[in-house]
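Written out below as structure tokens is the structure these notes cover.
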Amino acid sequence: MHLFQKATFYTSVNDMHALPQHTGVEIAFAGRSNAGKSSVINTLANKNRLAFVSKTPGRTQHINFFQLNESQFLVDLPGYGYAKVPDNIRKHWEELLSQYLQTRESLKGLVLIMDIRHPFKALDIQMLDWFIPTGKTVHIILTKADKLSKQQANITLQHATQYVHESYPGCSVQLFSSLARSGIEDATSVINSWLSVD
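Laid out in structure tokens, this is it:
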């Protein structure tokens, strides 16, 4: 059994002061609204509704923590970039995201979720620009790979890999499809390597 299959809901917070205090490590998942972030988490955990999947973008409005064991957590961050969210809420999300990504000491790495058909939008770049200066690792998952032909998906992966190699050295990129259940081993391997480093 993969470690992620032991994931259970731990807590949900909407304010930096409410973040859980623990001595363990966290791996965060971030992505644009409707990029498939919740589906990735559910697929890795092999559970249908661990993270809430909605056809309505912008549904994840809190930072949701899932516990793997006593000292390891997955963190589902609010989706960003949904136009219909009121300005004050969007501003709060942005402040919460940037503060969490830039200051959370227990955060070990960031899994950045992008729809393979629309990678590296302005807000994705903003996330990278917020997080890269921390010196922590980023793994980019290009979701919905089944929506493209195998050839087109591989071309997109090649372009994405070249882009991060030039602009954000140290980032890794992979293809993923929740529907086809492909890319699970690659993602699991990367995240496990982060969790196993002291």
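Mind the numbering: the sequence shown is residues 1 to 198 in full-length UniProt numbering, read in order.
Ideal Cβ positions, reconstructed from N, Cα and C, are used throughout, including at glycine.
None of these values were measured; they are calculated from a predicted model.
- Rounded to whole angstroms, the gap between the alpha carbons of K150 and T156 is 10 Å.
- Spatial neighbours of L123 in its own chain (CB-CB distance under 8 Å, excluding positions within 5 residues in sequence) are listed in chain order as R32, Y80 and G81.
- Between the beta-carbon of L142 and that of I116 there is about 4 Å, and that keeps the pair under the 8 Å contact cut.
- Assigned with DSSP and collapsed to three states, T137 falls in strand.
- A straight-line Cα-Cα distance of about 11 Å links H62 and A18.
- With respect to the C-alpha of Q99, the residue from A145, N14, G24 and A153 having the closest C-alpha is N14.
- Scanning its chain for C-beta atoms nearer than 6 Å, with the 5 sequence neighbours on each side dropped, one finds around K37 the residues F29, G31 and I113, in chain order.
- Put simply, of D87, P20 and A35 the residue whose alpha carbon is nearest the alpha carbon of S177 is A35.
- Here the C-alpha atom of L74 lies approximately 14 Å from the C-alpha atom of K47.
- With a cutoff of 8 Å on beta-carbon distance, H139 and V190 are scored as near each other.
- Residue pairing by DSSP places M114 opposite L142 in a beta bridge.
- Shortest Cα-Cα distance from F4 to any of V40, T161 and A145 involves V40.
- In the three-state scheme derived from DSSP, where H, G and I count as helix and E and B as strand, A180 is classed as coil.
- When secondary structure is reduced to three states using DSSP, L97 falls in the helix class.
- Here V85 carries a coil assignment [DSSP, helix/strand/coil].
- Under the three-state reduction of DSSP, T156 is assigned to helix.
- A direct Cα-Cα distance of roughly 11 Å separates R49 from T8.
- DSSP, reduced to helix, strand and coil, places L74 within a strand of the structure shown.
- For T11, the pairing in a beta bridge is given by DSSP as F65.
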